[in-house]
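In my numbering, the protein residues as written are 890 to 1137.
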Ligand code: 3Y8
Ligand code: NAP
């Protein structure tokens, strides 16, 4: 009998969790413990790191996991690299469930940069009004560009002072709506959206809102991940499960 470990934290992971629960497949859902109240899942759920590659490999063996599914976010590069190494160490088959990156459409005004450092170089110019839709983990790096007015969208209220002299915090969690994001851009007179190429639907609204208002977007492209088996749909995960014998 299969017993899955699902590394989650994305819209796609939640959709897969519902499908697994509906089919009565034995699976455990895993969160990193990044936010105060993560979305409840219809599967037994664990929260917190495993303790690096060795900790994850030990978990796979001790819990007799037969298949590992990495449905984390494309910018969660550390856990995804750990999953490749730990699955190999433990001899457990690994599949990534990911979403294709966004590509610019007609009407988009994107400037694409490879990483946050390159984004900061672009922001070295005169003051702007920026929707910084990167979450909490990388805010400190923007202190090198204090001249801008930043509208920060965070999942939880900030636990400590934010080192940006001119900012406004929006506490909200996605998935977001186009109308809602149009209202944010208009209300705050945003003239630049800075975001990650997350892909998927949960974070796309701000791109559609920017397109409709003609607001430029500074798009941070994804980090490189190690090679692994990868699909983009829940149905493809079930096909893989049907054709992948369990570990051991
Ligand atoms: C803890 C678990 C679901 C999953 C929903 C998706 C969509 C809504 C949009 C903006 C962009 C951002 C951020 C974002 C979105 C989904 C998805 C997605 C972006 C939750 C969640 C966890 C996290 C962690 C959080 C990060 C932050 C990133 C906010 C749950 C709500 C900016 C990424 O305060 C913090 O520490 C937040 C940290 C990692 C990135 C960062 O660097 O700060 N996500 N987000 C997961 C865990 O503990 O394992 O409560 O649902 C999940 C979701 N956030 O089932 O509906 O699928 O991507 N999350 C980005 O995409 O750019 C917001 O504001 O427009
Ligand atoms: P990360 O930098 O790749 O991972 C850092 C460490 O967090 C990992 O080494 C691991 O700790 C722990 N970890 C990460 N995801 C985990 C999970 N699902 N279950 C258990 N431990 C996990 O990850 P991140 O970018 O901080 O993202 C953390 C979570 O937020 C992930 O679940 C991701 O899907 C979700 N998320 C992230 C983003 C984003 O922009 N990064 C966006 C939306 C959702 P140990 O080494 O101790 O095992």
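From the three backbone atoms N, C-alpha and C, an ideal C-beta is built for every residue, glycine too.
- In this structure, residue 899 lies near residue 962, with their beta-carbon atoms less than 8 angstroms apart.
- In the DSSP annotation of this structure, the continuous segment of the beta strand (DSSP E) that includes residue 959 starts and ends at 956-959.
- Every beta strand (DSSP E) of 3 residues or more that sits fully in the stretch 979-1057 is shown, in chain order, as 983-986, 999-1002, 1018-1021 and 1038-1043.
- Not one heavy atom of the ligand 3Y8 lies closer than 7 angstroms to the C-beta of residue 938.
- DSSP places residue 1079 in the coil class of the three-state scheme, outside both helix and strand.
- For the 8 angstroms CB-CB criterion, residue 1022 and residue 1082 form a contact.
- Annotation for residue 892 indicates a beta carbon at 7 angstroms or more from all heavy atoms of the ligand 3Y8.
- In the structure shown, residue 968 adopts helical secondary structure according to DSSP, grouped into three states.
- It is roughly 34 angstroms from the alpha-carbon of residue 1128 to the alpha-carbon of residue 925.
- Closer than 7 angstroms to some heavy atom of the ligand 3Y8: that describes the Cβ of residue 1045.
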